[in-house]
Every structure is written in C-alpha cells, then in structure tokens.
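In the working numbering, the protein residues as written are 49 to 223.
Right, dumping it as structure tokens:
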C-alpha cells in the first residue's frame, strides 16, 4: 500500500514540476536565423511590401498561417494594397480554416490586380492600385479565387484546385 502511494506521489510530482519550454523552431538552425532577420527587418519598416510578402511566405512554408495573418495585419495599411500580399493573406486565412475570409480576401486581390491591368470585369470596382500586377499574377489570383469559391460550396480542396487550374489553363491557351 505504501509503495502504491509513493508511486502515485512520484508520478504526480513529476507531472506538476516545471519543465523547460521547447522552442517550436530550432534556435541554432540557419532557417530560424533567417526568419529572425526577416522579422527584424519588417519591424524596422512595416511599410516594406517586399519584406511583408517574403515574411508571410516564410510563415506559410513553416505552416504558421496565424503568424502570417498577424504580421500582415501589423503592417502599414498600404502593404495590404499590393495584390500579391493580399493573396498571401488569403492563403493564410485558408490555412486556418477561415474560408469566408479567404474568399473575400482573394476576391479583393483579384479585383485589385484586374483593375491595374484594366480588365473589363474590374472596371471601376476598386481604386487603381499603386502596386504592379501582371497577367501571370492575375491568372494565379483567378485560380485561387475560383478554387476558394468551389471549396466554400463543398468541393474537396484537391478537386477544387484541379478544376480551377484547368479553367485557367484553358483560358490562357485561348487566342
């Protein structure tokens, strides 16, 4: 009986004793040092569109979409006017399961890029963006927007992206 009580006390003590926190990323790795450098650079200039895009991409690659959302929302408002940065925000929303936010953000990115290119679909819906966008970007944004539309209607993500990619491929092959 005493042995059982002693075992229970030992297990309880080990479970309740403080432990050292474990870092999510290896502090000694080159990737972690690069990420810290990117974070420091963005902290110095929260209006740097290229840095915001690169940092958000790194967070998405590391499967940390919440950090991508936080960093993009912490930047200056003009950062989110860039269609590619807005696209990264839509990807982060999608990765966290916020599909309605992802779709709305993807629609905005697509409209801004289309407005820059002067497509008839996006005539005067949004103000003329200050950031550049080309037809390759427009096709990528359209594919993401269409895939999100399919996903929000119940299609599986893999099938939704296949259908959206096919549609963009057919449209780009047309004369």
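A virtual CB, placed ideally from N, CA and C, is assigned to each residue, including glycine.
Here DSSP, grouped into helix, strand and coil, assigns residue 158 to helix. In this structure, the CA atom of residue 91 is about 52 Å from the CA atom of residue 54.
Beta-carbon to beta-carbon, residue 160 and residue 200 are separated by about 20 Å, too far to satisfy the 8 Å threshold.
In the DSSP assignment, residue 110 falls outside any alpha helix (DSSP H), carrying neither H nor E. Non-local beta-carbon contacts of residue 198 in its own chain, meaning distances under 8 Å to residues more than five positions away in sequence, involve 207, 208, 211 and 212 in chain order. A straight line joining the alpha-carbon of residue 205 with that of residue 79 spans about 29 Å. In this structure, residue 106 and residue 86 form a Cβ contact; the two beta carbons are roughly 6 Å apart against a cut-off of 8 Å. Ranked by Cα distance from residue 185, the first of 164, 202 and 195 is 164.
In this structure, DSSP gives residue 198 a helical state, which the three-state scheme calls helix.
Counting along the chain, the unbroken alpha helix (DSSP H) around residue 89 starts and ends at 78 to 92. Relative to residue 158, the option among 140, 125, 129 and 97 whose CA is nearest is 129.
Annotated three-state conformation of residue 203 is coil, per DSSP. Its Cα nearest to that of residue 131, the residue 153 stands out among 153, 88, 144 and 110.
Inclusion of residue 114 and residue 94 in the CB contact set at 8 Å is not warranted, their separation being larger than that value. Residue environment for residue 52: exposed (fewer than 16 other C-beta atoms within 10 angstroms of its C-beta). Listed in chain order, the non-local C-beta contacts of residue 97 below 7 Å within the same chain comprise 127, 130, 133 and 179, local neighbours out to five positions each way being set aside.
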